[in-house]
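Visitor: Structure incoming, see below.
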Amino acid sequence: MTRRFRTIPVLSLSLLLLSAAAFAAEKPDFTGEWTLNAAKSDFGPMPAPEKLIRKIDHKDPDLKITTTSASQGNERTNESAYKTDGSESVNKYGQAEAKSIVKWEGSNLTIATKREIQGMTIEQNEKWTLSEDGKTLTVDGNIKAPQGELALKMVMDKK
C-alpha cells in the first residue's frame with residue numbers, strides 16, 4: 000500500500016512536467032519576412048499602405064522587427080527590438096520615443112505601446128496570431144489617440 004502512495008506523487012510530477020513542456024511548445028516562432036495582404040486586411044477609414052513588409056527575427060525572448068512601409072510614394076524603414084518577457088522596451092520612431100510591453104497570452108503575442116507625439120499620447124495595442132501552417136500572421140490592432148480610436152486588422156503572408 001505504501002508503494003502505491005509513493006507512485007502517486009511521481010505520476011503527478013510527471014504530468015506537471017509534461018504540461019509545462021506542452022505549454023512551452025505553444026509559443027510560435029514569428030521569424031520570417033512578412034508581406035501585407037491588403038485584400039484580407041482592414042484599416043477602417045484609412046487606406047492600406049502601398050507597401051508593408053516586416054522582417055522578424057524571433058529568438059524568444061528576443062524579438063527584432065524591421066518594418067518597411069510606403070504611403071503616398073514615401074518609403075521608410077524602422078527597426079525595433081523587444082523582449083517578450085513583459086519587461087519594458089524603448090524604441091525610436093523618427094523623433095518620438097515609444098515604450099512597449101510585449102508578452103505572451105497563450106500562443107498569441109501582445110504588444111502594448113505608448114508614445115508622445117507633439118504633446119499627444121498615442122496608445123497602440125497589437126495581438127499577433129500565427130496560423131497553424133505558419134504561413135499567415137494576423138495582427139489585430141487598436142490605436143487610441145485624442146482624436147478617437149481606430150481598430151485595424153493586418154493579415155500578412157510569409158515569403
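Just so it is clear: in the sequence shown, position 126 is 125 by numbering that gives the first Met the number 0, and no numbers are missing. A virtual CB, placed ideally from N, CA and C, is assigned to each residue, including glycine.
Between 26, 67, 44, 60, which lies nearest to residue 35 when the distance is taken from Cα to Cα?
Guide: 67
Visitor: Under the rule that 16 or more other beta-carbon atoms within 10 Å means buried, what is residue 125, buried or exposed?
Guide: buried
Visitor: Quick check on this structure: which residue in 139, 153, 121 has the alpha carbon closest to the alpha carbon of residue 146?
Guide: 121
Visitor: Taking the alpha carbon of residue 51 as the reference point, which residue from 25, 130, 76, 106 has its own alpha carbon closest?
Guide: Cα-wise, what sits closest to residue 51 is 76.
Visitor: Considering only the beta carbon of each residue, do residue 140 and residue 151 sit closer than 8 Å?
Guide: yes
Visitor: In the structure shown, what three-state DSSP assignment does residue 47 receive?
Guide: coil
Visitor: What does the Cβ neighbour count give for residue 138, buried or exposed, with the cut at 16 atoms within 10 Å?
Guide: buried
Visitor: Can you give me the C-alpha to C-alpha distance between residue 33 and residue 93, rounded to a whole angstrom?
Guide: 22 Å
Visitor: Using the DSSP secondary-structure output, state which residues sit across from residue 123 in a beta bridge.
Guide: 112, 142
Visitor: Since residue 90 is in the beta strand (DSSP E), which residue starts that stretch and which ends it?
Guide: 84-92
Visitor: For residue 143, which residues from the same chain have a beta carbon less than 6 Å from its beta carbon, with the 5 sequence-adjacent residues on both sides left out?
Guide: Answer for residue 143: 122, listed in chain order.
Visitor: CA-CA distance, residue 153 and residue 108?
Guide: 14 Å
Visitor: Does the Cβ of residue 119 have 16 or more other Cβ atoms within 10 Å, making it buried, or fewer, making it exposed?
Guide: exposed
Visitor: Name the two residues that bound the continuous beta strand (DSSP E) containing residue 95.
Guide: 95-104
Visitor: Name the two residues that bound the continuous beta strand (DSSP E) containing residue 70.
Guide: For residue 70, the enclosing beta strand (DSSP E) covers residues 61-70.
Visitor: From residue 97 to residue 54, what does the alpha carbon distance come to, in whole angstroms?
Guide: Cα to Cα, the separation comes out at about 19 Å.
Visitor: So who's on the other strand from residue 54, going by DSSP bridges?
Guide: 32, 65
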